[in-house]
Amino acid sequence: MIQLPPHKLPALARWFPAGSPGVASLPEHAFTTGVGTWWADRVLNPRVVAVSCAGHVLLRGAPEAVDPAGLAPFAGSHVGALARFLPVLGAAFDRIVPAERMLYVHREPVSAPQPPRSFAVRRLVGADAPALAALTGQVPDTSWIHDSWGGPEGLAASGHGWAAFDRDGRIATVACGYFAGDTYEDVAVVTAPEHRRERLALACVTALCGDIAARGHTASWSCARDNRPSRLLAWTAGFRLHREYVHYVTGRPAAHPASKASASPKPSPSPKPQPQPLPHQDLGVKPFREPVGGRPTLALPDSLSTPEGVA
């Protein structure tokens with residue numbers, strides 16, 4: 004796979020049809036914001052195309068056109084691809100781990116909760132970048148919240164983020180449109196541990212959903228199937244289950260014959276990569292019980308709805 008220059012990007016409509024929720028909004032987000040990288044097996048008449056942003060990859064096309072060694076840039080990523088790509092993914096990495104995911108769409112209007120008096124909930128502006136950087140710098144494993152915007156400056160200036168500020172100007176919670184497409188905007192949220200259970204995440208998400216609706220778009224929500232706190236927050240904020248799907252967490256690049264002659268001694272096997280709860284983690288809430296009425300059957304990749312089921 005080779006990286007495509009900005010003036011050689013493929014036609015989105017052919018490879019990534021618009022109008023589907025969740026990570027499917029990634030290509031539109033990358034095309035509009037310029038945050039992300041485009042890949043293909045060749046510049047002219049590509050047979051396989053990929054787009055990567057913030058640790059996510061969408062891979063489409065003909066698997067037989069892919070050289071496993073060419074997928075090395077996607078190591079340690081969450082890859083969305085049809086099941087027919089599994090052989091080439093298995094050859095490209097030392098491990099691939101299927102991860103079951105839940106996709107919700109905002110369906111029910113919810114009244115915004117009143118935050119504590121010591122907090123103000125408002126839209127982020129460019130001047131809030133230092134406060135956003137301070138939050139993600141002090142709370143481990145939260146810097147992903149602004150990765151899809153190229154960093155705290157990009158998210159703060161995007162107009163797609165809402166946050167709860169204390170009286171000293173510190174951010175306790177931030178919610179944003181993580182992948183902002185032309186129809187759907189996939190929502191992400193981070194809360195500092197000491198401010199969980201204060202309904203700040205719900206206040207920020209509710210305000211953000213109102214903002215998304217005012218743009219004529221619909222909010223969506225993606226999370227790991229076993230992330231019950233995230234699912235509870237989504238349901239409370241008015242999101243309803245759209246479908247379940249699977250993506251693949253990749254390990255390290257596998258050794259290939261072309262590189263063995265100059266390779267150093269083979270390293271010990273890497274530990275099994277664990278799927279991480281990417282957006283929407285808001286821990287410290289009560290366990291979630293799915294509403295009565297049955298649970299949809301897990302949809303494996305070859306039966307995914309468009310565009311995640313499109314070649």
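All residue numbers for the sequence shown refer to the working numbering, where the first residue is 4 and numbers rise by one. For every residue, glycine included, the Cβ atom is placed at its ideal position computed from N, Cα and C. Here the structure is a predicted model, which is why all the values come from computation and not from measurement.
- [ ] Might you give, ordered along the chain, the residues of its own chain that have their beta carbon closer than 8 Å to the beta carbon of residue 2, omitting 5 neighbours on each side?
- [x] In the structure displayed, the chain extends from 4 to 314; residue 2 sits before or after that span and is not available.
Open item on the list: Determine whether the beta carbon atoms of residue 210 and residue 152 lie at a separation below 8 Å.
Closed with: Cβ atoms of residue 210 and residue 152: not closer than 8 Å.
Open item on the list: Taking the beta strand (DSSP E) that residue 59 belongs to, which residues open and close that run?
Closed with: Residues 59-64.
Task: residue 109 versus residue 258: straight-line alpha-carbon distance, rounded - done: Distance from the CA of residue 109 to the CA of residue 258, rounded to the nearest whole angstrom, comes to 44 Å.
TODO: Kindly indicate the opening and closing residues of the alpha helix (DSSP H) around residue 32.
DONE: Note, residue 32: alpha helix (DSSP H), 29-36.
Task: Length of the line joining the Cα atoms of residue 97 and residue 112 - done: Here the alpha carbons of residue 112 and residue 97 stand approximately 45 Å from one another.
Task: Inter-residue Cα distance where the pair is residue 229 and residue 134 - done: Between residue 229 and residue 134, the alpha-carbon positions lie close to 31 Å from each other.
Task: Secondary structure of residue 223, DSSP reduced to three states - done: In the structure shown, residue 223 sits in a strand (DSSP, three-state: E or B).
Open item on the list: Tell me the rounded alpha-carbon separation between residue 116 and residue 206.
Closed with: If you take the alpha carbons of residue 116 and residue 206, they lie about 6 Å apart.
Open item on the list: By the DSSP assignment, the alpha helix (DSSP H) with residue 165 in it spans what residues?
Closed with: Where residue 165 is concerned, there is no enclosing alpha helix (DSSP H), although the beta strand (DSSP E) it sits in stretches over 164-169.
- [ ] Just the C-alpha distance for residue 150 and residue 120, rounded to the nearest angstrom, thanks.
- [x] Between residue 150 and residue 120, the C-alpha separation is close to 31 Å.
Open item on the list: Using C-beta distances below 7 Å, list every residue in its chain close to residue 175, excluding the 5 sequence neighbours before and after it, in chain order.
Closed with: Counting only residues of its own chain and dropping the five nearest sequence neighbours on each side, residue 175 has a CB closer than 7 Å to the CB of 122, 167, 169, 194, 195, 198 and 203.
Task: Simplified DSSP assignment, three categories, for residue 201 - done: It is coil, neither helix nor strand.
Task: Cα-Cα separation between residue 186 and residue 223, rounded to whole angstroms - done: When rounded, the distance between both Cα atoms is 10 Å.
Task: Unbroken beta strand (DSSP E) run spanning residue 188, endpoints - done: Per DSSP, the continuous beta strand (DSSP E) segment holding residue 188 begins and ends at 187-194.
TODO: Compare the beta carbon distance of residue 53 and residue 60 with 8 Å and say whether it is the shorter of the two.
DONE: In this structure, residue 60 lies closer than 8 Å to residue 53 by Cβ.
Task: Nonlocal neighbours in the same chain, by C-beta distance under 8 Å from residue 221, ignoring five residues either side - done: 24, 108, 109, 186, 187, 188 and 215, listed in sequence order.
Open item on the list: Using a Cβ-Cβ cutoff of less than 6 Å, which residues in the same chain neighbour residue 156 once the five nearest sequence positions on both sides are dropped?
Closed with: Contacts found: 132.
Open item on the list: For residue 249 and residue 101, which I take to be in contact (beta-carbon distance under 8 Å), what is that distance rounded to the nearest angstrom?
Closed with: The Cβ separation is near 5 Å, so the contact holds.
- [ ] Alpha carbon to alpha carbon, how far is residue 138 from residue 147? Give it in angstroms, no decimals.
- [x] Inter-residue distance for residue 147 and residue 138 is about 12 Å (C-alpha atoms, whole angstroms).
TODO: Give me the Cα-Cα distance between residue 161 and residue 212, rounded to the nearest whole angstrom.
DONE: Distance from the CA atom of residue 161 to the CA atom of residue 212, rounded to whole angstroms, is 15 Å.
Open item on the list: Please report the straight-line C-alpha distance between residue 11 and residue 90, rounded to a whole angstrom.
Closed with: Cα to Cα, residue 11 sits roughly 28 Å from residue 90.
TODO: Look up residue 235 in the DSSP assignment and say whether it is helix, strand or coil.
DONE: DSSP places residue 235 in helix when its eight states are reduced to three.
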